[in-house]
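A.B. asks: What follows is a structure written as structure tokens; I'll ask about it next.
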DNA sequence: GCCCTAAAAGAACCCCGTTCATTTTAACTG
DNA sequence: CAGTTAAAATGAACGGGGTTCTTTTAGGGC
């Protein structure tokens, strides 16, 4: 980059600095800001998606963002909405409840897996009310009800599965070798099991996080089926 | 509080400001700093546990902390160690593998549940190597191996369960009514199921997060048992 | 044409983690 | 015991963060 004199510096995008005052053509919108935020998170990580950085990317001063977005938290909530819309729920119309639940969970996690550094950010913020997430829940709960799950238990099942999905998504944003014990001799069995797993996964080309997610998902769904059977036997 | 003149202000704890230079008696230690950090997180939340706030609480300038702690991330890693030590693993010496796994998972989550606002913080940071967490893993993996789990699968089971535990811990730090759809008529079945569950839980005095955790844990362990049986049948 | 409002710039405020130089003291060393 | 080195505090500063407030300009409705 060429050096800019301090009293003649210009923002990244526009060649000439914009005058103060409302511009002739609209420059910003909530949608544009939110999408830029998600793009920066994907391209350069969470830390590069500050209000100031987003503003610079859009060739705008930070304070201009506040004409369209209430603040950083609301912005991140918008990003969550943006990607939540991409979780397909059509499996509930085609598959039996347990298979549909598994398909939904995989999609759910895949969407987060596409934006790994975002997971930690979303984990911190409470859900916004009136969110599209709720209509996703509607599809899940309707299917569970149709399958015979009592109204009293359906949401509990949903939350349990969602906890697993989010926990697995967090696992995704951690480095693959996070658990690597290295050359320690005080944890021999863990070391050996760690290496045995690494070897197996290398053979099949599977990511560690994927193996754990699939195993846990299978186990959870199988357990749910057993639970439903037991509910039907005793409760009815 | 009375107003303090700007050139006569004093820190919170000591009545008189400490002179510059090394004090006669040691004032700080890594242990003291870490425990103060955890206490502030518990009492006033994550945001109140900044380096500056911790320093003020200890009657010290922020820069003094860096003589004992490398930085904020290492400090939080120390807090994780502090509470990880409190997860009991003795169940693996007394109970069969599946019951022990469940007991361990409950303790694991209980420890985090005691510090709800900490969960989001820990979720973001990668594990420090050489941590006590690894010796906890050793106990889990040894038991799984003794129970017949192949070395190639033990760590995968561990990670799957841990993902569920951490996801459930995150759920704990969210407000209880986060999912409440409120008076919406576009999600009728979810609304009805939400209210049915709320009524059931109110009857038995159970927290929603606890119900989901127990259900999911039961399902996971049951699914793991089925998985192990299937492994024994086909693989051997 | 006037007025209110929207949307930008720009300046400022207070927070944060961190680094550096300085000062004082403790601990070690010959 | 004197001298040196290392440790542990202060104080000042840096660069970054989210946010707010004022000012300026433009658009749209009566």
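Residue numbers (this note's numbering), protein chains in the order written: chain G, 98 to 333; chain A, 98 to 333. In this text, a Cβ means the ideal position worked out from N, Cα and C, and glycines have one as well.
1. Counting along the chain, where does the alpha helix (DSSP H) carrying residue 194/G start and finish?
2. Can you tell me whether DSSP reads residue 276/G as helix, strand or coil?
3. For the stretch 244-292 of chain A, list the alpha helix (DSSP H) runs that are entirely contained and at least 4 residues long, ordered along the chain.
4. So, are the CB atoms of residue 338/G and residue 263/G less than 9 Å apart?
5. For my contact list, residue 189/G and residue 240/G are in at a C-beta cut-off of 8 Å; report their separation, rounded to the angstrom.
6. Locate the alpha helix (DSSP H) running through residue 181/G, then write down its first and last residues.
7. List the residues of chain G whose Cβ lies closer than 7 Å to the Cβ of residue 193/A, in chain order.
8. Can you check whether the CB of residue 247/A is closer than 9 Å to the CB of residue 161/G?
9. Against residue 235/A, what residues of chain G qualify as contacts under a CB-to-CB distance less than 7 Å, listed in chain order?
10. Tell me which residue opens and which closes the alpha helix (DSSP H) that residue 221/G is part of.
11. Within the same chain, show all residues whose beta-carbon is closer than 6 Å to that of residue 266/G, passing over the 5 residues directly before and after it, in chain order.
12. Using a cut-off of 7 Å between C-beta atoms, extract the partners of residue 278/G located in chain A.
13. Are there 16 or more other CB atoms within 10 angstroms of the CB of residue 126/A, so buried, or fewer, so exposed?
14. Less than 9 Å separating the beta-carbons of residue 180/A and residue 201/A?
15. Please go through the same chain and pick out, in chain order, the residues whose beta-carbon is closer than 7 Å to the beta-carbon of residue 251/G, but skip the five residues on each side of it.
16. For chain A, is any of its Cβ atoms less than 9 Å away from the one on residue 318/G?
17. Examine chain A for any beta-carbon lying closer than 9 Å to the beta-carbon of residue 138/G, and answer yes or no.
18. Taking residue 159/A as part of the alpha helix (DSSP H), name the residues at either end of that continuous run.
19. Mind pulling the chain G residues with CB within less than 7 Å of residue 239/A?
20. What in chain A is Cβ-close to residue 265/G, meaning under 7 Å?
21. Taking all protein chains shown into account, do 16 or more other C-beta atoms lie within 10 angstroms of the C-beta of residue 187/A, making it buried, or fewer, making it exposed?
22. Would the beta-carbon of residue 178/A fall within 9 Å of that of residue 254/A?
23. In chain G, which residues lie less than 9 Å from residue 186/A when you measure between Cβ atoms?
24. DSSP on residue 241/A, reduced to helix/strand/coil?
25. Among the candidates 182/A, 260/A, 272/A and 132/A, whose CA atom is the shortest distance from the CA of residue 270/G?
26. Taking CB distances under 9 Å as the criterion, tell me whether residue 141/G reaches chain A.
27. Just mark residue 116/G as buried or exposed, buried being the case when its beta carbon has 16 or more other beta carbons within 10 Å.
C.D. replies: Per the coordinate set shown:
1. 194-210
2. Coil at residue 276/G, not helix or strand.
3. 248-269
4. No answer is possible for residue 338/G: it lies beyond the span of chain G, which begins at 98 and ends at 333.
5. About 4 Å separates the two Cβ atoms, so the contact holds.
6. 169-181
7. The premise fails here: residue 193/A is roughly 17 Å from chain G at the closest Cβ pair, so nothing lies under 7 Å.
8. no
9. Using a Cβ-Cβ cut-off of 7 Å, residue 235/A is close to 284, 286 and 287 of chain G, given in chain order.
10. 213-221
11. Same-chain partners within the cutoff: 206, 209 and 216.
12. 231
13. It counts as exposed.
14. no
15. Cβ contact annotation for residue 251/G (same chain, cutoff 7 Å, sequence separation greater than five): 238, 241 and 242, in chain order.
16. yes
17. no
18. 159-162
19. 286
20. 260
21. exposed
22. no
23. Simply none; closest approach about 12 Å.
24. helix
25. Closest by alpha carbon: 260/A.
26. Not closer than 9 Å to any Cβ of chain A, the Cβ of residue 141/G fails to qualify, so no.
27. exposed
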